[in-house]
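Chains as they are written, first to last, in full-length UniProt numbering: chain S, 1 to 368; chain L, 1 to 368.
Okay, structure first, notes after.
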């Protein structure tokens, strides 16, 4: 039997496959193409579960990640990050049967892709309210100008519009997410009408909260959520999932206890969880402590406990008297991560609740 | 000539070697053993620079890291993290000429080490105010009890007391750090007197702020700071260094611009910087933008600019009109990290300003 001696990301395959199945069915039922974002799991092993669920097109957040998945046979890949012109040379190395779609929101990027001369698809990124990247939805002139520039090239194919409604992460509760979802879909629908002179436009959108909670997809044609495969504490607090849907937990050895402060020090810090936090019941939380179920499984969140701080390798878990008395140095506790994408990136491997290792892209990246 | 196309941690070897030299000389001048913490750089290459400066004993934060450095010939290594009894088996794999010193703050850990039977040195960890781990300085009874338990064993050797004054990170300005330093050193001195019945006690302490700013080391015998090799924005804001002392910067490609918000989107996010932030002039900052000096060098912090947000791969840099107009998509900007230990861990390699790659432990860790 495997035993945990270091911080380890445990993956519940059953929950993960269920999350995948549910989102795929939702996309199908709403006539949405499903182009899930693989930046959350970054794993060929988990990618296979998505393939088994019927997924054929995927989304990633870097060219390196696109290349990793292209090597595993994925051949319809969107890189949902503003095209980085300094990496233009890397586009040459992709297999010729791999159909890449890149994201652009500026003329320089398009000019660079035209000069490159490779046959590529292009999504124009639209800012639907997250105010991170993308052309403003209201800036019809700039959007049309960029569409025309893409279409006028010999090598580029205009795929459509792409938008990440990252502002849904500010929501707290399902109702707020539903409001953002409706507004987003209505706006995307209106945008299509506004741009009618450019013909019928394909729209892909993909934040996990609105895809999880929304039920009518009047403005989009494709969905590319990523986090839904695992979910996490942040998504549960947003209202995108229940705590029971969360498919990953970090197993951490207990290395010290402080009776006066009722604190447990775990081997598990910023280099394992990253440092995202959410406010829960007035406390800043870096993770939620859950009951152990056997060595590799977990149950419910334990009320009154909070991962209150992280330094490089240490985590400080504030607990109740009852929990303090139960936990011993040398035990392994399990913590639901605040942000599963970052925890997976930090930890670099998954161990399934069935005791199998599953690879993560970061652990197989070769040395420079 | 090397060119930057992805987020890359640039290392100024000259500044780094100067930071090392200065701290080594300070330790020598104050009759302090110098046992620098290698958790910041985690690099055999940079370790060599410390060796060249006369360093013989080192400190690390995990057994894995200790093993990495033992393979490079370091043979006096303190693992400054509460001993994790679940990793006891890994102690067997260290070369026999490698002298390991472990940290303990509880009886279970000591019992485990006694049962193991290996010849090992032990520091007892003392909480000098950081309230993270360690026995309280005021708890003379527990400290003596643990010393006696260690000394009564046949295989363990009591090395002394170890304390990380992490509360110095709450300081803002040199005067506050000096106050914490004086209080720390006075308390360590008093503790030695209190424990006089246990004989003369060796004390090691090691946060970068007090080691950088303090000038009298009345209570300690050894210093183990780590961050000083690079420093970072956090240390500059604490008052432990000047911005000019910072020896690392993250080079990030510019991928998008928003004229309305005067924002530059860079390829550089939470997976490159981690997510530590500090408040500077009322703004939450995830990094400080500096002028470029050639392709790999950098100059001063540019006033009025702020890395205001990080998502997984994106960073949003708020800039002045002048900077906005100067920076183009396809440029590379440089950002001083808030927390250099975490940025180094995330980025996994260094490129020196002279254009050489230097390895980081995370990039050579083998697959499971």
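We put the CB at the ideal spot given by N, CA and C, even for glycine.
Whole-angstrom distance between residue j and residue i, CA atom to CA atom
i                      : j                      : result
residue 234 of chain S : residue 37 of chain L  : 34 Å
residue 362 of chain S : residue 292 of chain S : 28 Å
residue 8 of chain S   : residue 252 of chain S : 7 Å
residue 236 of chain L : residue 347 of chain L : 21 Å
residue 143 of chain L : residue 85 of chain L  : 20 Å
residue 367 of chain S : residue 179 of chain S : Below a pLDDT of 50, predicted positions are generally treated as unreliable, and residue 367 of chain S, at 40, falls in that range; no measurement from the model is reported.
residue 150 of chain S : residue 51 of chain S  : 31 Å
residue 355 of chain S : residue 3 of chain S   : 9 Å
residue 369 of chain S : residue 63 of chain S  : No answer is possible for residue 369 of chain S: it lies beyond the span of chain S, which begins at 1 and ends at 368.
residue 239 of chain L : residue 321 of chain L : 30 Å
residue 365 of chain S : residue 65 of chain S  : 10 Å
residue 35 of chain S  : residue 13 of chain S  : 21 Å
residue 175 of chain L : residue 199 of chain L : 34 Å
residue 83 of chain L  : residue 145 of chain L : 18 Å
residue 112 of chain L : residue 88 of chain L  : 8 Å
residue 250 of chain L : residue 269 of chain S : 22 Å
residue 11 of chain S  : residue 271 of chain L : 21 Å
residue 211 of chain L : residue 223 of chain L : 7 Å
residue 213 of chain L : residue 228 of chain L : 11 Å
residue 191 of chain S : residue 201 of chain S : 9 Å
residue 103 of chain L : residue 352 of chain L : 34 Å
residue 344 of chain L : residue 350 of chain L : 8 Å
residue 391 of chain S : residue 140 of chain S : Outside the modelled stretch of chain S, which goes from 1 to 368, sits residue 391 of chain S, for which no answer is possible.
residue 273 of chain L : residue 232 of chain S : 21 Å
residue 46 of chain S  : residue 204 of chain S : 22 Å
residue 77 of chain L  : residue 225 of chain L : 14 Å
residue 262 of chain L : residue 334 of chain L : 17 Å
residue 5 of chain L   : residue 332 of chain L : 8 Å
Residue i - containing beta strand (DSSP E), residue span
i                      : result
residue 306 of chain S : 306-310
residue 252 of chain L : 248-258
residue 272 of chain S : Not the beta strand (DSSP E): residue 272 of chain S falls in the alpha helix (DSSP H), residues 270-273.
residue 358 of chain L : 357-359
residue 264 of chain S : 263-267
Start and end residues, alpha helix (DSSP H) containing residue i
i                      : result
residue 323 of chain S : 321-326
residue 38 of chain S  : No alpha helix (DSSP H) holds residue 38 of chain S; DSSP gives it neither H nor E.
residue 175 of chain L : 174-194
residue 14 of chain L  : 13-29
residue 279 of chain L : From DSSP, residue 279 of chain L is part of no alpha helix (DSSP H) but of the beta strand (DSSP E) over 278-280.
residue 233 of chain L : 233-238
Residues that DSSP places opposite residue i in a beta bridge
i                      : result
residue 293 of chain L : L:297
residue 204 of chain S : S:162, S:222
residue 82 of chain S  : S:103
residue 169 of chain S : DSSP output for residue 169 of chain S lists no bridge partner at all.
residue 287 of chain L : L:337
residue 351 of chain S : S:10, S:357
residue 342 of chain S : The partner list for residue 342 of chain S (beta bridge, DSSP) is empty, contrary to what the question assumes.
residue 314 of chain L : L:267
residue 55 of chain S  : For residue 55 of chain S, which the question treats as bridged, DSSP gives no partner whatsoever.
residue 60 of chain S  : S:79
residue 213 of chain S : DSSP, once it has assigned bridges, lists no residue as partnering residue 213 of chain S.
residue 424 of chain L : There is no way to answer for residue 424 of chain L, as the model of chain L reaches only from 1 to 368.
Residue-chain proximity (residue i, chain A), Cβ-Cβ < 8 Å
i                      : result
residue 205 of chain S : Of the protein chains in this structure, namely S and L, none is chain A.
- beta strand (DSSP E) runs contained entirely in the region 86-163 of chain S, provided each spans 3 or more residues: 99-104, 120-127, 156-163
- Item | Three or more C-beta pairs below 8 Å linking the region 246-260 of chain L and the region 337-357 of chain L | yes
- Item | Cβ contact (3+ pairs, closer than 8 Å) linking the region 90-102 of chain S and the region 12-23 of chain L | Cβ pair count under 8 Å is below three, so no.
- Does the region 179-187 of chain L touch the region 102-114 of chain L, meaning 3 or more C-beta pairs lie closer than 8 Å? Too few Cβ pairs lie closer than 8 Å, so no.
- Query: Hey, is the region 112-120 of chain L in contact with the region 162-171 of chain L, meaning 3+ C-beta pairs nearer than 8 Å?
  - Reply: no
- Between the region 51-64 of chain L and the region 281-300 of chain S, do at least 3 Cβ pairs fall closer than 8 Å? no
- Message: I'd like to know if the region 27-47 of chain S and the region 256-272 of chain S are in contact, where contact means that at least 3 CB-CB pairs between them fall below 8 Å.
- Response: no
- Would you call the region 39-48 of chain S and the region 315-327 of chain S touching, i.e. three or more CB-CB distances under 8 Å? no
- Query: Pairing CB atoms from the region 130-143 of chain S with CB atoms from the region 153-160 of chain S, are three or more of them under 8 Å?
  - Reply: no
- Message: For the region 310-324 of chain L against the region 275-292 of chain L, do three or more pairs of beta-carbon atoms, one drawn from each stretch, fall closer than 8 Å, so that the two count as touching?
- Response: yes
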